[in-house]
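Novice: Here's a structure for you.
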Amino acid sequence: MGKVIEETKITKQIMIVESNTGEILQKVCKDCGHLKLAEEFPKNGERLRPYCKDCWRERQRAYYEGIKLKRSVYRHRARAKEVGLADTLTEEQLKELLAHANGRCMLTGEPATESDPLTIDHVTALGNRFSLGNAPCNIILAKRSLNFSRKEGCLLKFIGKYPEKVNPEKTEETISYLSKQAGVEKADFIRLLEDIEEFSKKEGELNEEK
Ligand SMILES: [Zn+2]
96 MGKVIEETKI TKQIMIVESN TGEILQKVCK DCGHLKLAEE FPKNGERLRP
146 YCKDCWRERQ RAYYEGIKLK RSVYRHRARA KEVGLADTLT EEQLKELLAH
196 ANGRCMLTGE PATESDPLTI DHVTALGNRF SLGNAPCNII LAKRSLNFSR
246 KEGCLLKFIG KYPEKVNPEK TEETISYLSK QAGVEKADFI RLLEDIEEFS
296 KKEGELNEEK
């Protein structure tokens, strides 16, 4: 009875195999990198999963955390629908936004110029599956040079990364305005934005693992 070292086909994990029967005796876990006994890996049908039981448990936990966030995002969005937010911005709402901005950037407070005009930007980028879309609580007018949604995908992330590029009072005022548009408290609105970011990040991570 001999033992040979082999690699799993797709994930290239090292394993120790019984040479006559082909039975896997030990395997290196894809997550923690430890060489463990076959029985320490959960099974997927007849095959061993790439992750040991400890790591698998951790992955399941992270996955359910993600689901919880997803539910929270949908709940907020349902709430937004309840209070009558449309999925698309109407002309009336755009007029209101223009009147509110009054020719000034809603993040810096600076007046628009010919070379740096105000443009519509999305608080959570439309590319994000959990984005608030074209609802009025997701749209602001900001100087074109900031272009935060393309750079960072989310207003909160942009502010966190480049605090020197915005005016704190103006930004606070804008977030209050957006919360009002969403029909929720400011703290709830900020939590919603954080949830959207967090979940899209977690979903990205889960997809990368596949
Ligand atoms: Zn492991």
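Okay, so the sequence shown: first residue is 96 according to my numbering, each after it adds one.
Note that CB positions come from ideal geometry on N, CA and C, so glycine has one too.
Every value quoted in this text rests on a predicted model; they were computed, and no experiment measured them.
(1) Out of curiosity, what's the CA-to-CA distance linking Thr-266 and Tyr-272?
(2) If you measure from the CB of Tyr-158, is any heavy atom of ligand 1 nearer than 8 Å?
(3) For Pro-137, which three-state DSSP category applies?
(4) Less than 8 Å separating the Cβ of Asp-126 from some heavy atom of ligand 1?
(5) Could you name the residues that DSSP lists as bridge partners for Cys-249?
(6) In this structure, does DSSP put Glu-209 in helix, strand or coil?
(7) Can you tell me the Cα-Cα spacing of His-129 and Cys-150, whole angstroms?
(8) Looking at the secondary structure, which residues open and close the alpha helix (DSSP H) in which Gln-108 lies?
(9) Does Ala-237 come out as helix, strand or coil in the three-state DSSP assignment?
Specialist: Looking at the atomic coordinates:
(1) Cα to Cα, the separation comes out at about 10 Å.
(2) Tyr-158 has its CB no nearer than 8 Å to any heavy atom of ligand 1.
(3) Coil at Pro-137, not helix or strand.
(4) Within 8 Å of the C-beta of Asp-126 there is at least one heavy atom belonging to ligand 1.
(5) Cys-249 pairs with Thr-219.
(6) In this structure, Glu-209 counts as coil in the three-state DSSP scheme.
(7) Cα atoms of His-129 and Cys-150: separation of roughly 11 Å, rounded to the nearest angstrom.
(8) Unbroken run through Gln-108: none, as it is neither H nor E.
(9) Three-state DSSP puts Ala-237 in a strand.
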